[in-house]
Each structure stands twice: as C-alpha cells, then as structure tokens.
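FYI, in full-length UniProt numbering the residues of the sequence shown are 1 to 252.
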Amino acid sequence: MADYTIDAVEDAVKLLFLVAQAPGLGVTELSVRAGNTKARTFRMLRTLEKHGLVMRDTRTPLYTLGHHALYLGLAAGSQAALALAAGRVMQQVGMVCGESVQLRIRDGQESLCIARWEHPQHARLGPRRVGIRRPLHAGAAGKVLLAHAPPHVLEAVMAHTRASFTQATLVSKSSLRHALAKIQGLGYGLSYGEVVPGAVAVAAPVRDASREVVAVLSVAGPEARIAGAGMTAVIEAAVMAARDLSEQIGFR
1 MADYTIDAVE DAVKLLFLVA QAPGLGVTEL SVRAGNTKAR TFRMLRTLEK HGLVMRDTRT
61 PLYTLGHHAL YLGLAAGSQA ALALAAGRVM QQVGMVCGES VQLRIRDGQE SLCIARWEHP
121 QHARLGPRRV GIRRPLHAGA AGKVLLAHAP PHVLEAVMAH TRASFTQATL VSKSSLRHAL
181 AKIQGLGYGL SYGEVVPGAV AVAAPVRDAS REVVAVLSVA GPEARIAGAG MTAVIEAAVM
241 AARDLSEQIG FR
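Next comes the structure, spelled out in structure tokens:
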C-alpha cells in the first residue's frame, strides 16, 4: 500500500505529543526524545509556536502546549459530547415529526453533517452519509450557520459565485442577505427545494455554554408531507429539540 504521509508533518506531530506528555522540557531534551537534531527540533518548535500550538515560558526556554492546542482539545471534546447527546434528541424529534434529522456544524464556508437519524418508514432525501458537505448558502441548516457565523465568513461567501443546486437555491446577494436577516429575527431557518427539488427543511441553532452557535439541528422531508398545517408543528419540534440539545451541552 502506498504511503502518502509527509515525514516533516509526522515529526512535528510527534513533537507536539511530546510537549503534551512532558510539558516544561527544553529544546535539547525534546530533540533527544524525538530523535531529531537540536536545530531541526528548534525549527519545528518555532513553527508550532507561530501557530499557537506550543508556547515558551517567559522566564525559561521551556515549552508547554499553546492556546490553540487547548482550543483543539476543547473543540474535540465539545464535538464528541455534542454528537453523543444528539443521538437521543434526533431520534425523539424524528419520531415526533415523522421525518429524518441531521446535525450539521460549520467548517469554513461549508456545513458538515456530523450525525443523522433516518426515519425507518420513509425513503431518504438526498445523500445518506455522515460527512456530506454543502456550501453555507444552500439549505436551511447552512443558512442558519451562516446567519450566526463571524462577519469574515459571510464576506467570503458573498465574495464568491454561489453554486445553484435547484432553481430555488439562493444565489443572489440580496436574496441571501434577506434570508439571513429573517433567520436572525425568527430564530430558525426554512428551505423549500433549495438543495433537493420537492424537499422542505427546518433548521434551528444549537448553542454551547458560551451561547455560541456550534451546530444546527435540521428536520427534512417531502413538501407534500410537511408543508401547510404540518409545518408549524415541525418548526416547534425542531426548535425545542435544538434547545434541549443546547442545554445538554451547557447552554443556559
């Protein structure tokens, strides 16, 4: 089997783990443990330090993990807890609504499906796999994530040509900005055939203990089943489920 790994990256990762396992070591000791020259170890440490993954003590030339490494650890723990807690909530709201449910997070300018629950009695709408990505401007979940994204993310999305999946996809700046403002006012987002023709979706934000939107829970199904009087019930169920999940990961 072909080995597509990069030696320099492997060495840097190994060094990062050494700092995590034995904080407070200097370049000499780290180079010995890593099996690299002192000069190479120093250059890797400077690179890791530049990106906030390690930091030097201000009084001694000793290294510990940096704030970005701590951020990665917190993010990993948060996402693991989020996906674990989401399973029960997604099944409950899916059974109440009679539709399928997804949990999506923002990854750059895309939404990423990290968990889903498929209703056993209904045919699926669109790709089934966890890991499916979608641009933020398309679909209810992406728009909710975009509505709560930092300004630079919105600017980047607006600066590029937005792909059209169906005739209903919001590709113009004015229509997208109007939709985002509406989401911020209502507290949830809707989409009618923006990604899959004939599909309707309701999406509500999931917040963590810092009140930041870390994910979106969406309920989707055919317009023939959801639209009309049933839409109100699905909206209420999705919003309540997202709130329940938020509280489970620390939101108050």
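Built from N, CA and C at the ideal position, the CB exists for glycine as well.
Item: Beta-carbon gap between Thr28 and Lys38 smaller than 8 Å; Value: yes
Item: Nearest-angstrom Cα separation, counted from Arg33 out to Met1; Value: A caution first: Met1 carries a pLDDT of 46, below 50, which makes its placement in the model unreliable, though a value can still be read off. So the two alpha carbons sit approximately 29 Å from each other.
Item: Rounded distance between the beta-carbons of Arg116 and Leu103, thought under 8 Å; Value: 7 Å
Item: CB contact flag (Ala241, Val93, <8 Å); Value: yes
Item: Where His67 falls, given that 16 or more other Cβ within 10 Å makes a residue buried; Value: exposed
Item: Inter-residue spacing [alpha-carbon to alpha-carbon] between Leu72 and Gln248; Value: 21 Å
Item: Inter-stretch contact at 8 Å, needing at least 3 Cβ pairs: the stretch 215-222 / the stretch 190-199; Value: yes
Item: Pair within 8 Å by beta-carbon distance, Ala168 and Gly189; Value: no
Item: With 16 other Cβ atoms within 10 Å as the buried cut-off, status of Leu186; Value: exposed
Item: Met1, DSSP secondary structure in three states; Value: Confidence at Met1 is low in this model, with a pLDDT of 46, below 50, so its placement is unreliable and no value can be given for it.
Item: The stretch 135-153 touching the stretch 208-216, judged by at least three CB pairs closer than 8 Å; Value: yes
Item: Cross-strand partners of Cys113 (DSSP beta bridge); Value: Arg104
Item: Same chain only: Cβ atoms within 6 Å of Ser210, ignoring 5 sequence neighbours per side; Value: none
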